[in-house]
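Just so you know, the protein sequences line up as chains H and E, in that order. First residue of the first sequence: 0, per numbering that gives the first Met the number 0; consecutive thereafter. First residue of the second sequence: 0, per numbering that gives the first Met the number 0; consecutive thereafter. Beneath this line is the structure, given in structure tokens, with notes to follow.
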Amino acid sequence: MTKEQRFTVTRWIIFGLVALALIIPIVYNKYIKLPDTSSRVVKNIYDHIESLPEGSSIIMSIDFDPSSDEELRPMVMALLWHAFKKNLRVIGMTIWDAAAGGTLIDIFTTVAKEAKKQDGVDYAIMPFKPGSSAIILMLSQDIFAAYPQDYKKAETRDMPVFKGVKSIRDMKFAMCVSAGQAVDIWIVYGKEKGKMPLGAGCTGVMATDYYPYLQSKQLLGLMGGLGAAAQYEVLIDKRGTATDSMKPQTVVHALIIVLIIIGNIIYFINRQKT
Amino acid sequence: MTVTPMQILEAWLAVGFTLMIYSFLYKDNPLFKLGEYMYVGLTAGWGVCSAWFNVVWPDLIEPLSRVFKSYLGATLDKPLSHNENLLLLIPLILGILMLTRFSPKLGWLSRYTFAFILGTASGIAIPLTVSANLFKQMEPTLKPLFGKDISAWMTVNTLLILIGVVSVLIYFFFSLEHKGIIKKVARIGIFYMMVSFGAAFGYTVMARESLAIGRMTKLVKWAGQDYYYASIILLVVIAGLIALLEMLSKKSKPADDSTG
């Protein structure tokens, strides 16, 4: 067997091990128990929503497409469920066109149905509008200029959900869950102009980029990846997809740590030989 | 739980394409390419339709047609809103100018649109970006180290940030040769960056696993009786097809090799 063939076979063995480490905990999910934890940055968001009085308005910008759905949907569902449980009025929007169809509408209608909330009264879904930063700037001046109609073409001015709201300055909280640049846009345009408390949710890949904004208090809290969604599910005591996913994730993490150690040992042995 | 025929069809399609894409883990093959091209094609097609039905038609064509109808004296189902006026002709013209990129002779006209976009975007972005990403970010490094409401941990935190910012900036300071004290401080900067890269790598692993877990969970669910064992059947079919294609390519290889 040549060196290249050995490398290919080793690669397949690693893929196989990772596949097993994923599938076995998924199938035997109920037999695995993990401790409940929550980090301060995630709890900050929970505490803020918890502190809001009933009927307060919040805005949620859902800016991801199906390719990040597995990672971010549980996060939005947990946040939305919490907001509905607290009887907050929620405005859903997106500055990412790929999120406009299935993702935004599907998540809102699914959670609203479960929480028995009414469209136009307890929540509203805005249609996609191009111009991301321009839209957020408009929201900081006049929400009805940016969104005269909701996604069903109903006039937003007439909706009870918008009562007492003129711009995002009247919102008690804004949350952007994104798989792209939307969080940056919300920090630069939304937070600077709207001055409302801003929380961010993002994919794990992007999470470290936003920690500096926590230190400067431009972000109230940060939810990075599926782990943060699982923590939020624990906080609201509604364990779901994210909590279940932590089990295979823990097993694969352990496997990767072992593989990294083995890889390093082999590297050092080979270096000594040469 | 009752599964509708549409859900079963969706599951079979999703399983098929997921396995086609995952087949790349074995090696590049025609089934992976088929899945990849379908994904790119569908995304592009969906993007065009989304732009037309969510933006161009409701925000430009429809309001403009209502404006013209009103000027021609036709009866409208509801009065014109403040957004519906002839100013909409400006984005229409700018949009049409963008399409002149397709013509080598008229392509220069698109520069007007680009100039407009760059001008407005820069005007809006520069002051706010400087404020949010520079001044606000400098604040944590300028916090007092000691004071009435400042705990020991907060002092340590501020010091860590201050040392990190200064040392990383010095690492990227190329006007001075990295020797002596500069070298030592730059080394601290490297240490900070390594910690940052490590955290980013850890998060990236978690993110990729999350996507794989999501897919695997669905594949396990679709392997059940409700979905007519979609995952199991399609896994066998796709593995069989790849093996067949492999055999066919191996048969044709000796002839190719003989020429080389």
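Each residue gets a CB set at the ideal place from its N, CA and C atoms; glycine is no exception.
How about Ser131 (chain H) and Ile94 (chain H): do their beta carbons lie closer than 8 Å? Ser131 (chain H) places its beta carbon less than 8 Å from that of Ile94 (chain H).
Excluding the five sequence neighbours on either side, which residues of its own chain have a C-beta within less than 8 Å of the C-beta of Asp96 (chain H), listed in chain order? Cβ within range, chain order: Phe127 and Pro129.
One question on the structure: do Ser263 (chain E) and Thr207 (chain H) come within less than 8 Å of each other, judged by their Cβ atoms? The first residue shown for chain E is 0 and the last is 259, placing residue 263 (chain E) beyond what the model contains.
Quick one: list the residues of chain E neighbouring Ile186 (chain H), beta-carbon separation under 7 Å, in chain order. Near Ile186 (chain H) (Cβ distances below 7 Å), the residues of chain E are Ala131.
Start and end residues, beta strand (DSSP E) containing Tyr122 (chain H): From DSSP, the beta strand (DSSP E) with Tyr122 (chain H) extends over Tyr122 to Ile124.
With a threshold of 8 Å between beta-carbons, can Leu168 (chain E) be considered close to chain H, or not? No, because no Cβ of chain H sits closer than 8 Å to the Cβ of Leu168 (chain E).
Just checking my contact of Gly198 (chain H) with Leu219 (chain H) at CB under 8 Å: how many whole Å lie between their CB atoms? Correct: roughly 5 Å between the Cβ atoms.
Pull up the CB-CB distance for Ile212 (chain E) and Leu21 (chain H), whole angstroms please, since I reckon it's below 8 Å. Approximately 6 Å separates the beta-carbon atoms of Ile212 (chain E) and Leu21 (chain H); this is inside 8 Å, confirming the contact.
Identify the continuous alpha helix (DSSP H) that holds Leu218 (chain H) and give its terminal residues. Note, Leu218 (chain H): premise wrong, no alpha helix (DSSP H); not H, not E.
Does the count of Cβ pairs from the stretch 71-87 of chain H and the stretch 227-235 of chain H closer than 8 Å reach three? Flag = yes, the stretch 71-87 of chain H and the stretch 227-235 of chain H touch.
Which whole runs of the alpha helix (DSSP H) in the stretch 42-129 of chain H are 4 residues long or more, in chain order? Contiguous alpha helix (DSSP H) elements confined to the stretch 42-129 of chain H occur at 68-84 and 101-114, taking only those with 4 or more residues.
Taking a Cβ distance cut-off of 9 Å, strictly less, list which residues of the stretch 151-166 of chain H are near chain E, in chain order. So the list reads Lys152, given in the order they occur along the chain.
Candidates H:Val251, H:Ser37, H:Val160 and H:Tyr150: which alpha carbon is nearest Gly119 (chain H)'s? Nearest option by C-alpha distance: H:Val160.
Closer than 9 Å by beta-carbon distance: list the chain E residues that pair up with Pro129 (chain H), in chain order. When 9 Å is used as the limit between beta carbons, Pro129 (chain H) is near these residues of chain E: Ala50, Asn53, Val54 and Asp58, in chain order.
So who's on the other strand from Ala199 (chain H), going by DSSP bridges? As computed with DSSP, Ala199 (chain H) is found in a beta bridge with H:Cys175 and H:Leu221.
Leaving out the 5 sequence neighbours to the left and right, which residues in its chain are closer than 7 Å to Ser22 (chain E) when beta-carbon positions are compared? Sequence-distant partners of Ser22 (chain E) (beyond 5 residues in either direction) whose C-beta falls short of 7 Å from its own C-beta, in its chain, are Asn28, Leu30, Phe31, Ile237 and Ile241.
Could you round the C-beta distance between Gly193 (chain H) and Ile167 (chain H) to whole angstroms and report it? I think they count as a contact, below 8 Å. Gly193 (chain H) to Ile167 (chain H), Cβ: 4 Å. Contact.
Would you kindly report the start and end of the unbroken alpha helix (DSSP H) that includes Asp183 (chain H)? Taken as a continuous stretch (DSSP letters only), the alpha helix (DSSP H) holding Asp183 (chain H) covers Ala181 to Ile184.
Residue closest to Asp62 (chain H), alpha-carbon to alpha-carbon, out of H:Gly91, H:Arg39, H:Ile261 and H:Ile48: Out of H:Gly91, H:Arg39, H:Ile261 and H:Ile48, H:Gly91 has the C-alpha closest to the C-alpha of Asp62 (chain H).
Hey, does Leu254 (chain H) have any beta-carbon neighbour from chain E nearer than 8 Å? Chain E contact via Cβ: absent.
CB of Tyr122 (chain H) within 8 Å of CB of Arg88 (chain H), strictly: Between Tyr122 (chain H) and Arg88 (chain H), the C-beta gap is smaller than 8 Å, which places the two residues in contact.
Closer than 7 Å by beta-carbon distance: list the chain H residues that pair up with Leu24 (chain E), in chain order. Simply Phe14.
Closest by CA to Arg110 (chain E), which one among E:Val55, E:Leu41 and E:Leu96? Among E:Val55, E:Leu41 and E:Leu96, the Cα nearest to that of Arg110 (chain E) is on E:Leu96.
Interface residues of chain H around Ile92 (chain E) at Cβ under 8 Å? Residues of chain H passing the Cβ test: none, with the nearest at roughly 17 Å.
What does Gln4 (chain H) pair with, by DSSP beta-bridge criteria? In DSSP, Gln4 (chain H) forms no bridge with anything.
What does Arg65 (chain E) touch in chain H if you count any residue whose Cβ is under 7 Å from its own? Taking a Cβ-Cβ threshold of 7 Å, none of the residues of chain H is close to Arg65 (chain E); the smallest such distance is about 13 Å.
How should Ala198 (chain E) be labelled, buried or exposed, when 16 other C-beta atoms within 10 angstroms of its C-beta is the threshold for buried? Exposed is the call here.
Measure how close the beta-carbons of Ser174 (chain E) and Ala99 (chain H) come, nearest whole angstrom, since I'm counting them as under 8 Å. About 48 Å separates the Cβ atoms of Ser174 (chain E) and Ala99 (chain H), ruling out a contact at the 8 Å cut-off.
For the stretch 245-255 of chain H and the stretch 21-38 of chain H, state whether three or more C-beta atom pairs, one from each stretch, are separated by less than 8 Å. Yes, they touch.
Whole angstroms is fine: what's the gap from Leu233 (chain E)'s alpha carbon to Tyr226 (chain E)'s? A straight-line Cα-Cα distance of about 12 Å links Leu233 (chain E) and Tyr226 (chain E).
According to DSSP, Gln6 (chain E) sits in a beta bridge with which residue or residues? None, per the DSSP bridge assignment.
Determine, using beta carbons only, whether His47 (chain H) and Pro211 (chain H) come nearer to each other than 8 Å. No, Cβ-Cβ distance for His47 (chain H) and Pro211 (chain H) is not below 8 Å.
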